[in-house]
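K.L.:
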Amino acid sequence: MTTSAPLRRLPVGTTYNLRDIGDYQVEDSARTSWGRLFRSDAARFTDGADIAALGLRTVIDLRDDAERAALPTGLDAFVPNVLHRPLDPRALLSAVSDAAEDPLGELYVALLRERGAELTTIVADLARPDALPALVHCAAGKDRTGVVIALVLSAIGVADEVVALDYALTADYLTADFFAAIPAESGAADPADQALHGARPESMIAMLRVLTAEYGGARAYLTGHGVPDEAIDQLRNTLTH
Numbered sequence: 348m349t350t351s352a353p354l355r356r357l358p359v360g361t362t363y364n365l366r367d368i369g370d371y372q373v374e375d376s377a378r379t380s381w382g383r384l385f386r387s388d389a390a391r392f393t394d395g396a397d398i399a400a401l402g403l404r405t406v407i408d409l410r411d412d413a414e415r416a417a418l419p420t421g422l423d424a425f426v427p428n429v430l431h432r433p434l435d436p437r438a439l440l441s442a443v444s445d446a447a448e449d450p451l452g453e454l455y456v457a458l459l460r461e462r463g464a465e466l467t468t469i470v471a472d473l474a475r476p477d478a479l480p481a482l483v484h485c486a487a488g489k490d491r492t493g494v495v496i497a498l499v500l501s502a503i504g505v506a507d508e509v510v511a512l513d514y515a516l517t518a519d520y521l522t523a524d525f526f527a528a529i530p531a532e533s534g535a536a537d538p539a540d541q542a543l544h545g546a547r548p549e550s551m552i553a554m555l556r557v558l559t560a561e562y563g564g565a566r567a568y569l570t571g572h573g574v575p576d577e578a579i580d581q582l583r584n585t586l587t588h
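Residue numbering for the sequence shown is 348 to 588, as defined by my numbering.
#1: Restricting to Cα atoms, I'd like to know which of Ala567, Ser550, Asp412, Met554 is closest to Glu448.
#2: Just to confirm the assignment: which complete beta strand (DSSP E) runs, minimum length 3, are found wholly within the segment 374-461?
#3: How many angstroms separate the CA atom of Arg383 from the CA atom of Asp513?
#4: Measure the CB-CB distance between Ser387 and Leu482 and report whether it falls below 8 Å.
#5: Is any heavy atom of the ligand HEM found at a distance shorter than 7 Å from the C-beta of Asp524?
#6: Can you give me the C-alpha to C-alpha distance between Ser351 and Ile398, rounded to a whole angstrom?
#7: Report, in whole angstroms, the separation of the C-beta atoms of Ile368 and Ile469, which I expect to be a contact under 8 Å.
#8: Tell me which same chain residues have a C-beta within less than 6 Å of the C-beta of Thr349, skipping the five on either side of it?
#9: Note down the Cα distance separating Pro538 from Ala486, rounded to an integer number of angstroms.
#10: Tell me where the alpha helix (DSSP H) around Leu498 begins and ends.
#11: Given this structure, state the Cα-to-Cα distance separating Ala464 from Leu569, to the nearest angstrom.
#12: Could you check how far apart the C-beta atoms of Leu555 and Arg491 are, in whole angstroms? I think they sit under 8 Å.
#13: Alpha helix (DSSP H) containing Ala481: first to last residue?
#14: Considering only the alpha carbon of each residue, which of Leu418, Ala511, Glu374 lies closest to Gly545?
#15: Can you tell me which of the three DSSP states Val505 falls into?
#16: Which term fits Asp507, buried or exposed, when burial requires 16 or more other beta carbons within 10 angstroms of its beta carbon?
#17: Name the DSSP beta bridge partners of Asp367, please?
#18: Quick one: Cα of Thr559 to Cα of Ala565, how far?
#19: Which partner residues of Arg356 appear in the DSSP bridge assignment?
#20: Where Gly402 and Ala390 are concerned, what is the direct C-alpha to C-alpha distance, given to the nearest angstrom?
#21: Buried or exposed: which applies to Leu291, given that a residue is buried once 16 or more other Cβ atoms fall within 10 Å of its Cβ?
#22: Have a look at His431 and Gly493 and give me their C-alpha separation to the nearest angstrom.
#23: Counting contacts by CB-CB distance shorter than 8 Å, is Asp397 in contact with chain D?
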């Protein structure tokens, strides 16, 4: 992969939704750096040259064992540190009201409330020395990945509106063709369940509001679950310029 300028969406592998989270405004006039943290759907990677161009040191796969067996990515062959950190949102779908106006917003809030230990372990993984550049992915790169990336961006000082807009970019890339092409066991939403396909900024804003109201914000949420302040500072320093 060669390009003369940084790209938000990257044409690597057979991914639909591989994106760089660089160039977002952070408080104190800093910006997130290109080429440090990526987010993606799951895909089969067979070209080591494309992966090598990203310089990945860490991959965090948020899928469970069955999902990984249904769609192996092949990243273990190209990246030195591939971590399996399943979040399993399907077990939380029962907490989402059938009459919910925003079922995804409710699901993300449920992930915050019920998966605190898992989420903070993932952020701590990213804050380790030499962990970056890193890729975080699930099946679609939307729900689990969206919550993790939102926590990271919010914790380092990116405004809620910007975090939500980054999340909402997913809607541009996860087309009906994507949902029709993936195996049912892959963990992405059922092609018939349109309510879980979207990526409206309002869904992420709903989660971020609960994060502030109930936990005092992303940084307090993470430190409250055991991530040291200095680890978050380290993450901010390595993600920004």
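Note that the Cβ used here is the ideal one computed from N, Cα and C, for glycine as well.
P.N.:
So, from the data block:
#1: Translated into the one-based positions of the sequence shown, residue 448 becomes position 101. With distances taken between Cα atoms, Glu448 lies closest to Ser550.
#2: 384-387, 405-408, 428-431
#3: For this step, residue 383 is matched to residue 36 along the sequence shown. For this step, residue 513 is matched to residue 166 along the sequence shown. Straight-line Cα distance between these residues: approximately 16 Å.
#4: As a working note, residue 387 is residue 40 in the sequence shown. As a working note, residue 482 is residue 135 in the sequence shown. Yes; because the gap between Cβ atoms is below 8 Å, this pair is in contact.
#5: In the structure on display, the ligand HEM does not appear, and there are no ligands present to speak of.
#6: The count along the sequence shown starts at 1 and reaches residue 351 at position 4. The count along the sequence shown starts at 1 and reaches residue 398 at position 51. Because the pLDDT of Ser351 is 46, which lies under 50, any placement of that residue in the model is unreliable, and the question is left without a value.
#7: Taking the sequence shown and counting its residues from 1, one reaches residue 368 at position 21. Taking the sequence shown and counting its residues from 1, one reaches residue 469 at position 122. About 15 Å separates the two Cβ atoms, so there is no contact after all.
#8: Here the question's residue 349 lines up with position 2 in the sequence shown. Its pLDDT being 43, under 50, Thr349 is placed unreliably in this model, and the coordinates cannot settle the point.
#9: Your numbering for residue 538 matches position 191 in the sequence shown. Your numbering for residue 486 matches position 139 in the sequence shown. Note that Pro538 scores 44 on pLDDT, short of 50, meaning its location in the model is unreliable and no value can be drawn from it.
#10: Here residue 498 corresponds to residue number 151 of the sequence shown, with the count starting at 1. Note, Leu498: alpha helix (DSSP H), 491-502.
#11: Position 117 of the sequence shown, counted from the start, is the residue given in the question as residue 464. Position 222 of the sequence shown, counted from the start, is the residue given in the question as residue 569. Answer to the nearest angstrom: the Cα atoms are 9 Å apart.
#12: Translated into the one-based positions of the sequence shown, residue 555 becomes position 208. Translated into the one-based positions of the sequence shown, residue 491 becomes position 144. At roughly 16 Å, the Cβ-Cβ gap does not stay under 8 Å, so Leu555 and Arg491 are not in contact.
#13: Sequence index remark: in the sequence shown, residue 481 carries index 134 (1-based). Unbroken run through Ala481 is the beta strand (DSSP E), 481-484; no alpha helix (DSSP H).
#14: Along the sequence shown, read from residue 1 onward, the residue named residue 545 stands at position 198. The candidate whose alpha carbon is nearest that of Gly545 is Ala511.
#15: Start at 1 with the first residue of the sequence shown, and residue 505 comes out as number 158. Correct three-state label for Val505: strand.
#16: Translated into the one-based positions of the sequence shown, residue 507 becomes position 160. Buried: at least 16 other Cβ atoms inside 10 Å.
#17: The residue labelled residue 367 in the question sits at position 20 within the sequence shown. Per DSSP, Phe385.
#18: Counting from 1 along the sequence shown, the entry for residue 559 is found at position 212. Counting from 1 along the sequence shown, the entry for residue 565 is found at position 218. Rounded to whole angstroms, the separation of the alpha carbons of Ala565 and Thr559 is 7 Å.
#19: Your numbering for residue 356 matches position 9 in the sequence shown. For Arg356, which the question treats as bridged, DSSP gives the partners Arg366.
#20: Mapped onto the sequence shown, residue 402 falls at position 55. Mapped onto the sequence shown, residue 390 falls at position 43. Using only the alpha carbons, I get a separation of about 18 Å.
#21: In the structure as shown, the chain starts at 348 and stops at 588, and residue 291 therefore has no counterpart that could be examined.
#22: For the purposes of this step, residue 431 is taken as the residue at position 84 of the sequence shown. For the purposes of this step, residue 493 is taken as the residue at position 146 of the sequence shown. If you draw a straight line from the Cα of His431 to the Cα of Gly493, it comes to about 17 Å.
#23: As a matter of chain content, chain D is missing from the structure shown, which is built from one protein chain.
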